[in-house]
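Some notes on the structure that comes next.
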Ligand SMILES: NC(=O)c1ccc[n+]([C@@H]2O[C@H](COP(=O)([O-])OP(=O)(O)OC[C@H]3O[C@@H](n4cnc5c(N)ncnc54)[C@H](O)[C@@H]3O)[C@@H](O)[C@H]2O)c1
Ligand SMILES: [Zn+2]
């Protein structure tokens, strides 16, 4: 097992990563002070959840499954209320752990429930999408959406444990898988040139979802996320580098009403725009831009999107909570493996980047 420790004030997480880990959960699971807990499960994983419940049983924990319908719409206060009432009806206690078994949607929702039920019970993540394994399951942000916007309600609640098995990614739909790869490439660009080279070199294995190759990739990405969060849990500064590609990316998602583009696809386009801006400002070379472009494409991600309305994207960017004093701020690459954050960029330059990426 590969292990990462994330320490923050008031607790921390142990992150365990291994291909095949789910079939030997009972060996790695710590004893909890309560013999009963809950597993909140994404509806698409109902079958696999049976195995997880059984494994937990072998570790001495009676885990009650709560299945939620798949899809972002379940990340709501009303689903959270149903789950909280379910936990209360079952009389789960302060020491009863709540497990999330699913992608980022279930992770955010179950984390929110775990952090508010009885003012907080132990939380364990078992992430099943690439995005959740490299990003959402780590860092302790929980959330539900409001009709007014995504992630507007939430808490910080670190999972005690993150149990990551890259072998579960085998059944992930290909668009979700490619979307996760956008975040993987992101980690390479922001912090790890060696990871970037590894992805390049191991493309065939990674695209074939070889569990061993994925174990390496997930381990490296999770390590970067954990290190950044440990240095800056509440997003004072450094944590912003994780938003590389997300300023433009979020805006593209919003303009597409959140269904035209998957998150990862929009992030890929956003990374392209950011790299273009960096080149324009003389921060990055054209080779950096080209290397990123080539790898994103090889991962099956879009790097150009014809006919997206630039005006709307700019307007959506201005709505983003990260805008300060009216100037758009960006995370920009200097080279593969190194970025600068908080760079204010003139509208003209942003528009030129959008012209290059979303037109043509
Ligand atoms: N808390 C954080 O730090 C953080 C970070 C990034 C994203 N997020 C959140 O994560 C969510 C997106 O997460 P996501 O991309 O994992 O989406 P998701 O959880 O909705 O999962 C995507 C799809 O894959 C299915 N699925 C999940 N695992 C599967 C598997 N192993 N095999 C087959 N199908 C599977 C799900 O049913 C769903 O249809 C968003 O709500 C986002 O806000 C949170
Ligand atoms: Zn993202």
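In this note's numbering, the protein residues as written are -9 to 350.
Think of the CB as a built atom: it goes at the ideal place given N, C-alpha and C, for glycine as much as any other residue.
Query raised in the report: Hey, would you say residue 116 sits closer than 9 Å to residue 42, going by beta carbons?
Result: In contact: residue 116 and residue 42 (Cβ atoms closer than 9 Å).
Query raised in the report: Candidates 342, 148 and 144: which alpha carbon is nearest residue 223's?
Result: The candidate whose alpha carbon is nearest that of residue 223 is 148.
Query raised in the report: Once you ignore the five residues that flank residue 127 on each side, which residues in its own chain have a CB closer than 6 Å to its CB?
Result: These residues qualify, in order along the chain: 97, 115, 117 and 152.
**Report entry** residue 13, buried or exposed, once every other Cβ within 10 Å from all chains shown has been counted against 16
**Finding:** Exposed, by the Cβ-count rule.
Query - Contact the region 159 to 176 vs the region 251 to 263: 3+ CB pairs below 8 Å - result: Contact holds: three or more Cβ-Cβ distances are below 8 Å.
Report task. Using 10 angstroms around the beta-carbon of residue 37, count the other beta-carbons present and answer buried if the total reaches 16, otherwise exposed. Result -> A residue is called buried once 16 or more other Cβ atoms fall within 10 Å of its Cβ, and residue 37, having fewer, is exposed.
Query raised in the report: Opposite residue 136 in the DSSP bridges: which residues?
Result: When beta bridges are read from the DSSP output, residue 136 appears opposite 139.
Requested in this report: Could you tell me how far apart the beta carbons of residue 11 and residue 190 are, in whole angstroms, since I believe they sit closer than 8 Å?
Outcome: The Cβ separation is near 27 Å, so there is no contact.
Requested in this report: Indicate whether residue 101 and residue 133 have their beta-carbon atoms separated by less than 9 Å.
Outcome: Yes, Cβ-Cβ distance for residue 101 and residue 133 is below 9 Å.
Query raised in the report: Excluding the five sequence neighbours on either side, which residues of its own chain have a C-beta within less than 8 Å of the C-beta of residue 121, listed in chain order?
Result: Excluding sequence neighbours, residue 121 sits near 93, 94, 166, 169, 170, 173, 253 and 254.
Query - Segments of 4+ residues assigned as alpha helix (DSSP H) that fall wholly inside the region 197 to 278 - result: Every alpha helix (DSSP H) stretch that sits fully inside the region 197 to 278 and reaches 4 residues is listed by chain position as 201 to 221, 236 to 245 and 253 to 270.
Report task. Please list, in chain order, all residues of the same chain as residue 214 whose beta carbon is under 7 Å from its beta carbon, the five residues on each side excluded. Result -> Excluding positions up to five away in sequence, the list reads 177, 181 and 182.
Query raised in the report: What do you reckon, is the C-beta of residue 125 under 8 Å from a heavy atom of ligand 2?
Result: Remark: the C-beta of residue 125 is in contact range of ligand 2, defined as less than 8 Å to any heavy atom.
Query raised in the report: With respect to 8 Å, is the separation between the Cβ of residue 253 and the closest non-hydrogen atom of ligand 2 below this value?
Result: Residue 253: yes, Cβ under 8 Å from ligand 2.
Query raised in the report: Should residue 35 be counted as a contact of ligand 1 given a C-beta to heavy atom distance under 8 Å?
Result: Distances from the CB of residue 35 to the heavy atoms of ligand 1 include at least one below 8 Å.
Query raised in the report: Tell me which same chain residues have a C-beta within less than 8 Å of the C-beta of residue 269, skipping the five on either side of it?
Result: Closer than 8 Å at the Cβ level, and outside the excluded window around residue 269, lie 275, 276, 278 and 279.
Requested in this report: Report back the beta-carbon spacing between residue 53 and residue 28 to the nearest angstrom; my notes put them in contact at under 8 Å.
Outcome: Contact holds; Cβ gap of about 7 Å.
Query raised in the report: For residue 331, which three-state DSSP category applies?
Result: Three-state DSSP puts residue 331 in a strand.
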